[in-house]
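Protein chains in written order, with my numbering: chain A, 1 to 264; chain B, 265 to 564.
Glycine included, every Cβ here is placed at the ideal spot set by N, Cα and C.
Have a look at the structure below, then the notes.
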Amino acid sequence: MISISDIDVTFNKGTPLETRALRGVNLDVPEGQFLTIIGSNGAGKSTCLNVIAGLTKVERGFVKVDDEDVTAWPVYKRSKMLSRVFQDPKMGTCEDLTILENFALAHGRTRPRGFRFAVGPNMRDEAAERLKVLGLGLENRLDDRVGLLSGGQRQAVSLLMAATGDTKVLLLDEHTAALDPKTAEFVLDLTKQIVGELKLTAVMVTHSMAQALHTGERTLMFHRGRIVFDADGAERDKMEVGDLLELFKREQGEELADDSLLLG
Amino acid sequence: MSLYEILGTLETGFIFGIVALGAYLTFQILDFPDLTVEGSFPLGAAVAATLMVNAGWNPWLSTGAAGLAGFCAGYLTAFLNVRFNILHILAGILLAISLYSVNLRIMSGPNKPLLQVDSVFTALEGFGIPGYIINPIFLGVIVLLIKLALDAFLATGWGISMRAAGANPAMAEANGVNVGKMKLYGVGTANALTAIAGALFAQIFGAADAYMGIGVIIVGLASVIVGMSILPSRTIVLATFACLVGAVLYRLAVAVALNADFMGFQASDVQLVTAVLVAIALILQQTGSIFQIFRKGAGK
């Protein structure tokens, strides 16, 4: 479903701050796979996700989604195939719009938008039905501005929005990192449920090794712009966080410096 | 103030209500502070006046053509910003000063009197009601229709895309909205409204003038700020209404200030009065009460 080949990304090229964020990265994500990506700060995991979403321009290489070469496509065009949930709960929803209008906006992602009223006749019931699943009572607040909701509520809404329309691919950029542990768990369970029900291809970037190993069916580790570890199936099922750390040390011959990785 | 003066104030208040709706679209909805209006207001006047006087066009058609010219001006400003990453304020200033020359060219001079030609207000004479009564009513209806059209538009698929593009561009793009395109059409539309207002202004005062755009940006902005700080603006329908009320109140405030003999203002002081009123409105919006600032200052 997603295929990136030979990707090079360099930030601040030709300046003293030059950083090679991705170096010759190749990655194939087959349809329906739930992939998790882990790595320390600056390892390239988020850059990789941004390359798929179109936020980061590549120097070299190709990005294909659903067999279509989207390397030159702008973000808004790619979003017809890819939906995203951001790390910051404030980013995934538009606070000046009502819950219903946010749904209408997401609804238009895969369909042409016109000069008809954005909130169609069935949309209210449809949105209410989806929101009811959350058990947060949001189905009774459809006309409230999203800015009035809490971070966790907004993140849950943006997940539901990302799953509307004919989405095939879901990109999750540390989407539970800014939430308290209990809400994070709720949002993660919701993610697993949605991905399973809609049989989506999903890529989740995370800081937590445990979360990476216990979510989805394949895990990658990035380090210094390269993929240093790629496991799925039985090999991954047996793994624990300790094994991953051990493996990382062996591969790199160095200690993990980033404490936030160990905490997860 | 006499009834005649009050009706005259309503007349200009309604015309600047149209400008205020444009300012609401750029400043509030698109988060695009657009200074093009300083040029597109006289552009609308110049285009309409020249078409009516020199080409003998029908006044309605000329006013429509003025709107089209305004749209192009706004589109160009947004194009400089979207395509070449020129700062929005700077792009607007560039367009505004270039339009000053363009307007002189269009009119082949600094002004164009509309003597002996039919204006859109001439058609109203058939009702047998004096112009100083029917004109404000007519303009009130026009501005209300534009407000309703804008309300409806902002609830369409395009409309919510535009609102999201202004409020949260990253989220809008992630939901398939072409943010650049929204700016092009949004700023274009706002300037079309401003140019139509300019065309109507020229017709009511009997002349187009290259200098008539000075301060239009502040008038539009003042209307939006005054309106939204005194009236509720939770929804689009309320907010656009607040802009219209703001435009009328603002004109009223200026008229009172200029009329009150004890203040000793004269007509040429209008820009100074405007700037002071806007500054006060902005300060009120920040602090809620103007006395608070002085207290704070004293506390330090």
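Backbone secondary structure at residue i - three-state DSSP
i                 : result
Leu267 of chain B : helix
Pro112 of chain A : coil
Arg236 of chain A : helix
Glu139 of chain A : helix
Asp6 of chain A   : strand
Asp533 of chain B : helix
Glu174 of chain A : coil
Val58 of chain A  : coil
Lys80 of chain A  : coil
Asn432 of chain B : coil
Met204 of chain A : strand
Arg20 of chain A  : strand
Glu68 of chain A  : strand
Val25 of chain A  : strand
Val146 of chain A : helix
Asp243 of chain A : helix
Val75 of chain A  : helix
Thr386 of chain B : helix
Thr453 of chain B : helix
Thr420 of chain B : strand
Residues near residue i in its chain [Cβ-Cβ closer than 6 Å; skip 5 each side]
i                 : result
Leu105 of chain A : none
Arg78 of chain A  : Gly54 and Val70
Leu138 of chain A : Leu131
Leu516 of chain B : Thr273
Tyr514 of chain B : Ala486, Ser487 and Val490
Short CB-CB distance (under 8 Å) between residue i and chain B
i                 : result
Thr93 of chain A  : yes
Gly242 of chain A : no
Glu101 of chain A : yes
Phe79 of chain A  : Note on identity: in this sequence residue 79 of chain A is Ser, with Phe being the wrong assignment. Taking Cβ atoms only, chain B reaches closer than 8 Å to Ser79 of chain A, which makes this a yes.
Ala104 of chain A : yes
Arg109 of chain A : yes
Leu263 of chain A : In this prediction, Leu263 of chain A scores a pLDDT of 49, lower than 50, which makes its location untrustworthy; the coordinate-derived value is nonetheless stated afterwards. False, the Cβ-Cβ gap to chain B never drops below 8 Å.
Endpoints, alpha helix (DSSP H) assigned at residue i
i                 : result
Thr47 of chain A  : Lys45 to Ala53
Arg224 of chain A : Careful: Arg224 of chain A lies outside any alpha helix (DSSP H) and carries neither H nor E.
Thr314 of chain B : Val301 to Asn318
Phe34 of chain A  : Run containing Phe34 of chain A: none in the alpha helix (DSSP H); it sits in the beta strand (DSSP E), Phe34 to Gly39.
Asn439 of chain B : No alpha helix (DSSP H) contains Asn439 of chain B, which DSSP labels as neither H nor E.
Leu359 of chain B : His352 to Met371
Asp189 of chain A : Pro181 to Leu198
Val480 of chain B : Val480 to Ile494
Thr504 of chain B : Ile500 to Asn523
Asp125 of chain A : Met123 to Lys132
Gln155 of chain A : Gly151 to Ala162
Phe103 of chain A : Ile99 to His107
Ala210 of chain A : Met209 to His214
Within-8 Å CB hit, residue i to chain A
i                 : result
Arg427 of chain B : yes
Asn349 of chain B : no
Val317 of chain B : no
Val441 of chain B : yes
Cutoff 7 Å; reference residue i; Cβ partners in own chain excluding five residues on either side
i                 : result
Ala333 of chain B : Leu307, Gly308, Val311 and Ala459
Val29 of chain A  : Met1, Ile2, Leu35, Thr201 and Val203
Glu101 of chain A : Ala118 and Val119
Glu217 of chain A : Gln33, Phe34 and Asp232
Arg141 of chain A : Ile99
Contacts of residue i in chain B (Cβ-Cβ under 8 Å)
i                : result
Val75 of chain A : Glu437 and Ala438
Extent of the continuous beta strand (DSSP E) to which residue i belongs
i                 : result
Asn345 of chain B : Not the beta strand (DSSP E): Asn345 of chain B falls in the alpha helix (DSSP H), residues Pro323 to Phe348.
Asn375 of chain B : Asn375 to Pro377
Asp415 of chain B : Counting along the chain, Asp415 of chain B falls outside any beta strand (DSSP E), though it belongs to the alpha helix (DSSP H) covering Gly395 to Phe417.
Ala474 of chain B : From DSSP, Ala474 of chain B is part of no beta strand (DSSP E); its letter is neither H nor E.
Partners in chain A for residue i, counting only beta-carbon separations shorter than 9 Å
i                 : result
Thr420 of chain B : Arg113, Gly114, Phe115, Arg116, Phe117 and Ala118
Asn345 of chain B : Near Asn345 of chain B there are no residues of chain A at all, since even the closest Cβ is about 16 Å away, more than 9 Å.
Ala431 of chain B : Cys94, Glu95, Asp96 and Leu97
Proximal chain B residues relative to residue i, where beta-carbon distance stays under 7 Å
i                : result
Arg84 of chain A : Ala438
Contact set between residue i and chain A, taken where Cβ atoms lie within less than 8 Å
i                 : result
Asn375 of chain B : The contacting residues do not exist; Asn375 of chain B stays about 39 Å from chain A at best.
Ile397 of chain B : The premise fails here: Ile397 of chain B is roughly 36 Å from chain A at the closest Cβ pair, so nothing lies under 8 Å.
Residues near residue i by beta carbon distance below 8 Å, same chain, minus five either side
i                 : result
Ala97 of chain A  : It is worth fixing the name first, because residue 97 of chain A is Leu in this sequence and not Ala. Correct list, in chain order: Leu105, Arg145 and Val146.
Leu378 of chain B : Ala313, Met316, Val317, Ala466, Gln467, Gly470, Ala471 and Ala472
Asn523 of chain B : Met265 and Glu269
Ile361 of chain B : Gly303
Asp6 of chain A   : Gly24, Val25, Asn26, Arg60, Gly61 and Phe62
Chain-ordered neighbours of residue i on chain A, where CB pairs are closer than 7 Å
i                 : result
Ile424 of chain B : Leu97, Glu101, Ala104, Leu105 and Ala118
Ala434 of chain B : Met91
beta-carbon residue i near the ligand ATP non-hydrogen atom, thresh 7 Å
i                 : result
Asp415 of chain B : Of ligands this structure carries none, so the ligand ATP is not represented either.
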